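Worksheet: one structure, shown below.
Number of protein chains: 2
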Amino acid sequence: MRKTVANTEILRLITESETTLSHADIKSLLPEGLCDRVTIYRVLDRLVEEGLIHKVVNIDGVVNYASCDGCTTKHHHNHVHFNCEKCNAVTCLDNVEPTFKLPEGYSVKEMNFVISGLCPNCN
Amino acid sequence: MRKTVANTEILRLITESETTLSHADIKSLLPEGLCDRVTIYRVLDRLVEEGLIHKVVNIDGVVNYASCDGCTTKHHHNHVHFNCEKCNAVTCLDNVEPTFKLPEGYSVKEMNFVISGLCPNCN
DNA sequence: AATTTTAATGCAATAGTGTTGCATTTACAA
DNA sequence: TTGTAAATGCAACACTATTGCATTAAAATT
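If you're matching them up, the sequences are chains A and B in order. Going by my numbering, the residue at position 71 of the first sequence is 71; the numbering climbs one at a time, nothing skipped. Just add 1000 to wherever you are in the second sequence, counting from 1, and you've got my numbering.
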């Protein structure tokens, strides 16, 4: 991956953010005209592919991105994400990893766990 | 809710289906010209509101609908949904209810759990 | 430093999902 | 049978996301 303004700035935004960020969030956070809409999509795809960030599909169907903390050796995105109805923030609850038991015959590739309600700040 | 062709046919489709159905699925399953695209959306909203079906947001961000079995007294949609990468089916695993513990201060309204991979048929 | 390679970008167009407004129709209650 | 509100059709729109293609620029090569 080449070092470009878009790459570094977008990764920085996601890394420094407390919450996950959508494409729309990133677009409005980046300085006007730094890069095209489409470039943001492509940078995000690239960062996911490189394993620097991971995707979360929110309950509104929109993809959000979060930095991969502690995914150096292997990825573990089986944690829960929380979507607050009031402040709309989508956050990784890295320590909340649900346990469950699938019936025989299923093999797991990805997980997407989202819980919505009110976060501590809005509760 | 009034008894209309759209209402009954769409509810029947969802109830009789083994898997969850998206708007696109329903549109192509209904007889051509039975009703408008928009009507399907409105019927689906209505059925959710009436508590006859429930929503699942798939990992591609598309909303799928499943009939509510055993939700007569209260709703319990905290079960896992499985999205097969090969046959693309999204199914309710009614018996798989993950356990987890949220930190203090969160209050839960909805849950959306989707696991993707290979289902028993495609594995 | 100049050149080459190819990744990255911008722009325009397009696709898919879902929503809204408004006039019209229809289910059903009075 | 009539009146009313719910349901529908149609057109338009909003939002998220993707694709093709010509151009630009990062970094490897000479």
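Ideal Cβ placement from N, Cα and C applies to all residues, glycine included. Note that the structure is predicted; figures quoted are calculated from it, not measured.
In chain B, what lies closer than 8 Å to residue i by C-beta?
i, result
"residue 49 of chain A", "Correct list: empty, because the minimum Cβ distance to chain B is about 17 Å."
"residue 85 of chain A", "1109"
"residue 80 of chain A", "1100 and 1102"
Residues of chain B with CB under 7 Å from residue i, in chain order?
i, result
"residue 111 of chain A", "1115"
In terms of alpha-carbon separation, which member of the options lies closest to residue i?
i, options, result
"residue 110 of chain A", "B:1084, B:1023, B:1062 and B:1025", "B:1084"
"residue 1020 of chain B", "B:1088, B:1004 and B:1006", "B:1088"
"residue 1060 of chain B", "B:1001, B:1100 and B:1115", "B:1115"
"residue 68 of chain A", "A:121, A:48, A:117 and A:58", "A:48"
"residue 53 of chain A", "A:12, A:35 and A:5", "A:12"
"residue 39 of chain A", "A:8, A:15, A:55 and A:117", "A:8"
"residue 1123 of chain B", "A:105, A:65, A:117 and A:30", "A:105"
"residue 42 of chain A", "A:6, A:16 and A:57", "A:6"
"residue 1107 of chain B", "A:107, A:82 and A:91", "A:82"
"residue 1001 of chain B", "B:1034, B:1029, B:1091 and B:1051", "B:1051"
"residue 1025 of chain B", "B:1119, B:1092, B:1062 and B:1079", "B:1062"
Starting from residue i, follow the alpha helix (DSSP H) in both directions and report where the run begins and ends.
i, result
"residue 1005 of chain B", "1005-1016"
"residue 1027 of chain B", "1023-1029"
Under DSSP, the beta strand (DSSP E) around residue i begins and ends at which residues?
i, result
"residue 118 of chain A", "107-118"
"residue 91 of chain A", "90-93"
"residue 81 of chain A", "80-84"
Give the interface partners of residue i over in chain A, defined as CB-CB distance under 8 Å, in chain order.
i, result
"residue 1101 of chain B", "96"
"residue 1062 of chain B", "61"
Applying a beta-carbon distance threshold of less than 9 Å, which residues of chain A neighbour residue i?
i, result
"residue 1118 of chain B", "105, 106, 107, 108 and 109"
"residue 1007 of chain B", "What residue 1007 of chain B touches in chain A: nothing, since even the nearest Cβ is about 25 Å away."
List, in order along the chain, the chain B residues whose C-beta lies closer than 9 Å to that of residue i?
i, result
"residue 88 of chain A", "Chain B residues near residue 88 of chain A: none, gap ~13 Å exceeds 9 Å."
Could you work out which residues of chain A lie near residue i, taking near to mean beta carbons separated by less than 7 Å?
i, result
"residue 1057 of chain B", "57, 59 and 61"
Discussion item. So within the region 1034-1066 of chain B, which uninterrupted beta strand (DSSP E) runs reach at least 3 residues, ignoring any that extend past its ends?
Written reply: For the region 1034-1066 of chain B, the continuous beta strand (DSSP E) assignments of 3+ residues that do not extend past its boundaries occur at 1053-1057, in sequence order.
Practice prompt. Determine, using beta-carbon pairs with one atom in the region 1088-1106 of chain B and one in the region 90-100 of chain A, whether at least three such pairs fall under 8 Å.
Written response: When C-beta atoms of the region 1088-1106 of chain B are compared with those of the region 90-100 of chain A, three or more pairs fall below 8 Å, so the two segments count as touching.
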